[in-house]
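Scroll down for the structure; my scribbles are underneath it.
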Amino acid sequence: MEHSTHTHHAGAHDDHHHHEELGFWQKYIFSTDHKVIGIQYGITSLLFLLFGFSLMMVMRWQLAYPGSPIPLVGGLLEKIMGPLASGGVMSSDLYNMFGAMHGTIMVFLGIVPLAFAAFGNYVVPLQIGAPDMAFPRINMASYWVYFLGGVVMLVSFIIPGGPAQAGWTSYSPLASIIPTNGQLYWVIGMVFLITSSLLGAVNFLATIIQLRAPGMTWMRLPFFVWAQFVTGFLLLLAFPPLEAAALMQFMDKGLGTSFFLPTGLMVSGKMAAISGGGSPLLWQHLFWFLAHPEVYVLVLPAMGIVAEVITNNIRKPLWGYKALVYSVLTLGFLSFIVWAHHMYLTGMGTAISTFFQTTTIIISIPSVIILTVLFISLWGGSIRFNTQMLFCLAFLVMFGIGGLTGLPLGFSYADLFLHDTYYVIAHFHYLVAPGTIFALYAGIYYWFPKMTGRMMSDFWGKVHFWTSLIFMNLIFQPMFAQGMAGMLRRMYDGAVNYSAATAANAGVNGVLSEAIIYSNRTISMAAWMLALAQIPFIINVFWSIKNGRKAGSDNPWDSTTLEWQAPTPPPHGNFAVVPVVYRGPYEYSVPGHPRDFSPQNMPEPVSRKA
Amino acid sequence: MDIPYTTTPREDTGLYNAKVGIWLFLASEVMLFGALFSSYILLRVGAAPGTWPHGLLNVPLGTINTLVLICSSVTVVLGWASLKMNRFDRYRIYQTITVLCALLFLCIKSFEYRDKFNHYEIIKKDGTVVDGHLIEKTKDYYIIHPLPKATKKSMESEHPAAHSGAAAANEHATATAAGEHEATGEHAGGAEHVKIMVSDIERAQNYGPWHNTYLAIYFTLTGLHALHVLGGALVILYILVPGAKMWKTDPERYTNRIEISGLFWHFVDLVWIFLFPVLYLL
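Residue numbers (the working numbering), protein chains in the order written: chain A, 1 to 610; chain B, 611 to 892.
Okay, structure coming up:
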């Protein structure tokens, strides 16, 4: 909140055309301005990302040094979580809780709100030349419902018994039979978050469909808007089934129904007092029907940001804009029919597995087209290697690694071995951590001057980039090896029990070598170093708000899209005059034009007409 | 700052903003109910043969409710059409009927719910099952009005849990139960009440959502639908009474509001049109 206050002081004075003076609360807290809401989303979700990362840093201690007291935060944990962390040692229950909440917070409270809601809110209306979102008050409601969902999730940490501990996937029956109430909080929090996404998605889609400026035809939309458009549909249509599933899990837990609880379920050696007849597979289907499109919700906005930043810094048109647009539409559609590739091991049958293998392999085609388009666009460009461009170039490679390592997981035969190992962890973290999060960093460096009128330090940005890149790879690269060696993902002792060094395992086949176990420590070190690597970024953001180099103009990156043609920072209502769009989004270095970039609202120069 | 197309349609899409919004919202509602309907199918297909209950619900009441909702759908359209013809007085009558229909629907629905919560299945320690409506309940005994075909021998397969604990069922309790049955004359016609001592009961459970997966999905689907009916009725009522000032200041926008709430109302009706056969008839 602090941040948004500062940001908008600068703008408050020069927006003369806007007469009604709003009070502090309406302007910065309960604002209906898409830019303020975007910044609110941004700050909240960045804090949640930091929190989710901190949970993992604590878990990494337990993995590296199982059973020894956690330094620095051990005492604090004991104070908050009580017997779950007695003596500052992480108990297995606490490990499960942190694991479940790490996933939940990173996905639903961190990346989705940052990628979709924060960037989407700030940038999309500006890029399409709209004065605001189509439904500003619903937009505000969306943020506050998200905020409430976050509060519920945080409160679950301090209730007796602690938060949910059945993994971020919350598979029933496990999730329903754990006697503590953490799961109820999780489910209620999820209902808030889903409602928030629903409100946001309706708003984004209506805005893009209805509020495009005159001349802004569909094929003149910047690719970022297309990506958000498809993401909006994914959220709109994929989230409701999880809402239904959350409702049913709530009833299983709270009212004693048996939606996901089978007949004959034994809990702690006793027959559970339930009617039975439910289906555990039903939860998995409903969950993954959301959670696979969710993967694309995490990735598409990132691709959008990357396309914007890359074209801006190669100073030439994007190669294959149409291919990009059709690929993203195809990707959106296909993402709805691949969900059961997460369930090869459930015994749902070979025919169904075959179907989902086929669609899973097909969906790699549009993904590859998107990456290829971005790679080819680099060819022959005069590339500016500023911080945001470095992050985007790294995205291409890191995302490529994440995508290619996903192929073996798409085949059920290979997946039998790799399922639930660290290989899977490494695979999807390559997509989301050095993938999506790098793109989000790029977005922050890129749009920061528009939000504040000042530049972030490029030097410290590069320090942030190179250290993050190195440590990200040191974290996730060894995990491929661990996974292929057979190390399972949810072992709270870092698989020490399966180590070849353990006396009980002498002469047993298939135990884990010492190198594999030892890499737990190097990974943990790298994770903590990654945390240190974020300090330059955090300082850079806060320092640059007040002390950064002045942007000098509304368009410091010489960009073509409309957000850079608005005043800086844009006042409430964005454009002084409604912009008229004359051209496509990426007209860089057009021969005969006065400059190497031709903004979308620039009319055709007179000389060429004559 | 004015947001364009809040009232007038945009030329290329032919729609005003709220209409786009409501259609998108309804698309997500389709997915919400679609997921629950899919769950119904999966649970029903997955149920052990012969265990899926039939005929638990009151079909005549369901039919009346269907007609009530269809009627309300008609009056919503007539209300909107009246506004288009500048007849605010008629609009008011039609929308009042709509709201009353919604209320009637909810009353009938709650009556059906109460019936389910009063409907008990009591498994006695001797293995007999009494199934009927609760007349009186104290901490010592239940008085049940059994349904016609209610008293039956419990099937071992159906209630494996029911007997595990009662292996050494005390003689006394069994004797009392037997005595009770003689006293009430086996109530073949179901006309008489049965008194069952709590000490004889292995398990007593009403027909709430916890009773079986059919009732679970029944309560979830109809409960969620009833919430939609309630929400829709409240919105229509709000527009009708405190929101009616807008008719004077901005009639076009006001009419649009009726259209939007009407679209939602039709969707709610449509869900019921699917719910009725799926839950009551099939």
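Virtual Cβ for every residue (Gly too), placed ideally from N, Cα, C.
Note that the structure is a prediction, hence the values are computed from the model and not measured.
Item to check | C-beta neighbour in chain B for A:E563, strict 8 Å | outcome: Along the first sequence, one-based indexing puts residue 563 of chain A at 563. Chain B places no beta carbon closer than 8 Å to that of A:E563, leaving this residue out of the contacts.
Item to check | CB contact flag (A:V511, A:C392, <8 Å) | outcome: The residue labelled residue 511 of chain A in the question sits at position 511 within the first sequence. The residue labelled residue 392 of chain A in the question sits at position 392 within the first sequence. No, they are not a contact pair.
Next on the checklist: Using a Cβ distance threshold of 8 Å, determine whether the region 194-201 of chain A contacts the region 152-170 of chain A, with at least three qualifying pairs required.
Outcome noted: Counting C-beta pairs with one atom in each stretch, the region 194-201 of chain A and the region 152-170 of chain A have fewer than three that are closer than 8 Å, which means they do not touch.
Checklist entry - With DSSP run on the structure shown, which of helix, strand or coil describes B:L744? => result As a first step, residue 744 of chain B must be located in the second sequence, where it is residue number 134. The answer is strand: DSSP assigns B:L744 an E or B state.
Next on the checklist: By the DSSP assignment, the alpha helix (DSSP H) with B:V709 in it spans what residues?
Outcome noted: The sequence position of residue 709 of chain B within the second sequence is 99, counting from 1. Membership of B:V709 in the alpha helix (DSSP H) is indicated by the continuous run F698 to N728.
Next on the checklist: Can you pull the chain B neighbours of A:V112, defined as C-beta to C-beta under 8 Å?
Outcome noted: On the first sequence, residue 112 of chain A is found 112 positions in, with the first residue counted as 1. Those do not exist, as A:V112 stays about 16 Å from chain B at its closest Cβ, beyond 8 Å.
Checklist entry - Going along chain B in order, which residues have a C-beta closer than 7 Å to the C-beta of A:D356? => result Looking up residue 356 of chain A in the first sequence gives position 356. Here residue 356 of chain A turns out to be Phe, not Asp, going by the sequence shown. Chain B residues near A:F356: none, gap ~17 Å exceeds 7 Å.
Checklist entry - With a CB to CB cut of under 8 Å and the five nearest residues on each side skipped, what residues in its chain are close to A:Y185? => result Here residue 185 of chain A refers to the residue found at position 185 when the first sequence is read from its first residue. V152, M153, V155, S156, I159, P163 and A164, listed in sequence order.
Checklist entry - Any residues in the region 559-591 of chain A with a beta carbon nearer than 7 Å to a beta carbon of chain B? Which ones, in chain order? => result Per Cβ criterion, the list reads H572 and G573.
Checklist entry - For A:A485, which residues of its own chain have a beta-carbon under 6 Å away from its beta-carbon, when the five flanking residues on both sides are left out? => result Position 485 of the first sequence holds residue 485 of chain A. So the list reads L512 and I516, once near-sequence residues are dropped.
Item to check | B:R654, DSSP secondary structure in three states | outcome: Stepping through the second sequence from its first residue, residue 654 of chain B is reached at position 44. In the structure shown, B:R654 sits in a helix (DSSP, three-state: H, G or I).
Next on the checklist: I'd like the span of the alpha helix (DSSP H) that includes B:E812, first residue to last.
Outcome noted: Reading the second sequence from its first residue, position 202 is the one you call residue 812 of chain B. Counting along the chain, B:E812 falls outside any alpha helix (DSSP H), though it belongs to the beta strand (DSSP E) covering I811 to N816.
Item to check | Same chain, Cβ closer than 6 Å to A:D15, neighbours up to 5 away in sequence not counted | outcome: Translated into the one-based positions of the first sequence, residue 15 of chain A becomes position 15. Its pLDDT being 43, under 50, A:D15 is placed unreliably in this model, and the coordinates cannot settle the point.
Item to check | Exposure label - B:I846; buried when at least 16 CB within 10 Å | outcome: For the purposes of this step, residue 846 of chain B is taken as residue 236 along the second sequence, with counting starting at 1. Under this definition B:I846 is a buried residue.
Checklist entry - Residues in the region 118-135 of chain A with C-beta within 9 Å of chain B's C-beta atoms, listed in sequence order? => result If you check each beta-carbon in the region 118-135 of chain A against every beta-carbon of chain B, the ones closer than 9 Å belong to A130, P131, D132, M133, A134 and F135.
Item to check | Under 7 Å by beta carbon: chain A residues contacting B:S638 | outcome: Counted from its first residue, the second sequence places residue 638 of chain B at position 28. Within chain A, L198, L236, L237 and P240 have C-beta atoms less than 7 Å from the C-beta of B:S638, given in sequence order.
Checklist entry - DSSP beta-bridge partners for A:S45? => result As a working mapping, residue 45 of chain A is identified with position 45 in the first sequence. Looking at the DSSP output, A:S45 sits in no beta bridge, so it has no partner there.
Checklist entry - Which same chain residues, not among the five before or five after A:F108, have their C-beta less than 6 Å away from its C-beta? => result In the first sequence, residue 108 of chain A corresponds to position 108, counting from 1. Within the same chain, A:F108 has close Cβ partners L193.
Checklist entry - Does the beta-carbon of B:C711 have 16 or more other beta-carbons within 10 angstroms, so that it is buried, or is it exposed? => result In the second sequence, the residue the question calls residue 711 of chain B occupies position 101. By the neighbour-count rule (16 or more Cβ atoms within 10 Å), B:C711 is buried.
Checklist entry - At which residue ranges does the region 813-890 of chain B contain complete alpha helix (DSSP H) runs of 4 or more residues, listed in the order of the chain? => result DSSP runs (the alpha helix (DSSP H)) wholly in the region 813-890 of chain B: 823-850, 856-859 and 861-885.
Item to check | alpha helix (DSSP H) segment containing B:V804, residue limits | outcome: Here residue 804 of chain B corresponds to residue number 194 of the second sequence, with the count starting at 1. It is not in any alpha helix (DSSP H) - B:V804 instead sits in the beta strand (DSSP E) that spans V804 to M807.
Checklist entry - Which first and last residues belong to the beta strand (DSSP E) in which B:P756 is found? => result As a first step, residue 756 of chain B must be located in the second sequence, where it is residue number 146. Where B:P756 is concerned, the enclosing beta strand (DSSP E) starts and stops at Y751 to P756.
Checklist entry - Going along the chain, which residues of the region 194-223 of chain A sit with their C-beta nearer than 8 Å to a C-beta in chain B? => result Residues passing the 8 Å Cβ filter: L198, A201, V202, N203, L205, A206, I209, Q210 and L211.
Checklist entry - Between which two residues does the alpha helix (DSSP H) carrying A:R137 extend? => result Mapped onto the first sequence, residue 137 of chain A falls at position 137. DSSP places A:R137 inside the alpha helix (DSSP H), whose first and last residues are P136 to V155.
Item to check | Range of the contiguous alpha helix (DSSP H) that encloses B:T685 | outcome: Taking the first residue of the second sequence as position 1, residue 685 of chain B is located at position 75. Under the DSSP assignment, B:T685 falls in the alpha helix (DSSP H) whose first and last residues are V669 to K694.
Item to check | Residues bridged to B:M611 (per DSSP) | outcome: Numbered from 1 along the second sequence, position 1 holds the residue referred to as residue 611 of chain B. Answer is none; B:M611 lacks a bridge partner.
Checklist entry - Whose C-alpha, out of A:H419, A:T231, A:R384 and A:F448, is nearest the C-alpha of A:I314? => result Along the first sequence, one-based indexing puts residue 314 of chain A at 314. Minimum Cα distance to A:I314 is reached at A:R384.
Next on the checklist: Helix, strand or coil, according to DSSP, for A:R490 in the structure here?
Outcome noted: Working through the first sequence from its first residue, we reach residue 490 of chain A at position 490. Coil, per DSSP.
Checklist entry - CA-CA distance, A:P585 and A:Q600? => result Sequence index remark: in the first sequence, residue 585 of chain A carries index 585 (1-based). Sequence index remark: in the first sequence, residue 600 of chain A carries index 600 (1-based). One C-alpha to the other measures close to 6 Å.
Next on the checklist: Under 8 Å, Cβ to Cβ, is there at least one residue of chain A near B:A691?
Outcome noted: As a working mapping, residue 691 of chain B is identified with position 81 in the second sequence. Among the CB atoms of chain A, none fall inside 8 Å of the CB of B:A691.
Checklist entry - By Cβ distance, which residues of its chain are closer than 7 Å to A:F204, with the 5 residues on each side in sequence left out? => result Numbered from 1 along the first sequence, position 204 holds the residue referred to as residue 204 of chain A. Within the same chain, A:F204 has close Cβ partners G120, V124, Q228 and G232.
Checklist entry - Out of A:M602, A:G320, A:M525 and A:T354, which has the shortest C-alpha to C-alpha gap to A:Y413? => result Residue mapping note: residue 413 of chain A aligns to position 413 of the first sequence, counting from 1. Of the residues A:M602, A:G320, A:M525 and A:T354, the one whose Cα lies closest to the Cα of A:Y413 is A:T354.
Next on the checklist: Within the continuous alpha helix (DSSP H) that includes A:L235, where are the two ends?
Outcome noted: Against the first sequence, residue 235 of chain A aligns to sequence position 235. Looking at the DSSP string, the run of the alpha helix (DSSP H) that includes A:L235 is F223 to G254.
Checklist entry - Under a three-way DSSP split, which group does A:S412 fall into? => result Position 412 of the first sequence, counted from the first residue, corresponds to residue 412 of chain A. The answer is helix: DSSP assigns A:S412 an H, G or I state.
Checklist entry - Under a CB-based cut-off of 8 Å, is B:S649 close to chain A? => result Position 39 of the second sequence, counting from 1, holds the residue named residue 649 of chain B. Residue-level contact check: B:S649 touches chain A, since one or more beta carbons of chain A fall below 8 Å from its beta carbon.
Item to check | Near-chain B residues of the region 324-356 of chain A - C-beta to any C-beta below 9 Å | outcome: Answer in chain order: no residues at all.
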